[in-house]
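Here is the structure we will look at, set down as structure tokens.
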Amino acid sequence: MDTPAVTVLVLVGSLHQGSANGKLAQLAISHAPAGMTLHQYAGLAQLPFYNEDIERNLPANVGALREAAEAADAILFVSPEHNGTIPAVLKNAIDWLSRPVYGSGALTGKPVAVIGAALGGGGGINAHNDTRRSVTVALAHVVADSTLAIPASAAAFNNPAHLDRLLPQLTDVLTRVQDTINQRAPK
Ligand SMILES: Cc1cc2nc3c(=O)[nH]c(=O)nc-3n(C[C@H](O)[C@H](O)[C@H](O)COP(=O)(O)O)c2cc1C
1 MDTPAVTVLV LVGSLHQGSA NGKLAQLAIS HAPAGMTLHQ YAGLAQLPFY
51 NEDIERNLPA NVGALREAAE AADAILFVSP EHNGTIPAVL KNAIDWLSRP
101 VYGSGALTGK PVAVIGAALG GGGGINAHND TRRSVTVALA HVVADSTLAI
151 PASAAAFNNP AHLDRLLPQL TDVLTRVQDT INQRAPK
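Laid out in structure tokens, this is it:
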């Protein structure tokens, strides 16, 4: 019997047009391995800041984010680094996804990979590591060896030679996510 296709929700930590991380997310979507479908969540800019008061009367877009995360087999965070850590837009999404009750949020047990691009020489590694730490506290499962930190983000996606080097690394991360999902209990 064929292994069923797996789905991955992509959360991008940059909101502007022409974002390097948006481009990286699109590369991941268009170069997904066979048997894997990725789709980017488009509503992060409209999420309110996490607030326990409004959680009691949950905004529809928070519910939509949680449903999208629950429905996905894994989550791929694609993130720049802002002042040495996670951009607020992604941290806010993590906070919403970790609730309403600790231990039963949409991140619980969910395979997660974190990749991204940043201007500095570290390629956003501090933000990526902080994202891994944060989702681990929220009980997600960080996929082993699923790192990709791309420096000099402003130029990284304009150079075909860079892309030729990047694509095998991106495929490696996506394949590790796929293998992790497939090694778990069948849906
Ligand atoms: C508020 C802010 C803080 C930043 N802090 C860092 C940083 O700590 N390290 C770094 O490498 N780049 C930093 N940058 C530069 C980003 O890495 C760069 O803008 C990157 O391309 C963002 O990716 P994007 O095009 O997907 O937004 C910062 C940018 C902004 C807007």
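Using my numbering, read the sequence shown as starting at 1 and increasing by one per residue.
Don't be surprised by glycine CBs; every beta carbon is placed ideally from N, CA and C.
By the Cβ rule, the region 14–31 counts as touching the region 169–182, because three or more pairs are nearer than 8 Å.
Going by DSSP, residue 175 is part of the alpha helix (DSSP H) stretching over 160–183. In this structure, 114 is the residue among 137, 114 and 157 with its C-alpha nearest to the C-alpha of residue 126. Per the DSSP secondary-structure output, residue 108 pairs with nothing in a beta bridge. For residue 143, same chain residues with a beta-carbon under 6 Å away, outside a window of 5 residues either side, are 111, 113, 176, 177 and 180 in chain order. In the DSSP annotation of this structure, the continuous segment of the alpha helix (DSSP H) that includes residue 128 starts and ends at 125–137.
One alpha carbon belongs to residue 55, the other to residue 150, and they sit about 36 Å apart. Distance from the C-beta of residue 119 to the nearest heavy atom of ligand 1 is below 7 Å.
Residue pairing by DSSP puts residue 77 in a beta bridge opposite 11 and 114. With a threshold of 7 Å, the Cβ atom of residue 92 does not count as near ligand 1, since no heavy atom of the ligand is closer than that. Scanning its chain for C-beta atoms nearer than 8 Å, with the 5 sequence neighbours on each side dropped, one finds around residue 37 the residues 5, 6, 7 and 8, in chain order.
When DSSP states are grouped into helix, strand and coil, residue 46 belongs to the helix group. The beta carbon of residue 95 sits closer than 6 Å to those of 50, all from its chain and outside the five residues before and after it, given in chain order.
By a beta-carbon distance limit of 8 Å, residue 44 does not contact residue 78. Their separation comes to about 11 Å.
For residue 167 and residue 53, the gap between their C-alpha atoms comes out near 44 Å. Here the C-alpha atom of residue 57 lies approximately 18 Å from the C-alpha atom of residue 104.
Here the distance from the Cβ of residue 82 to the nearest heavy atom of ligand 1 is below 7 Å.
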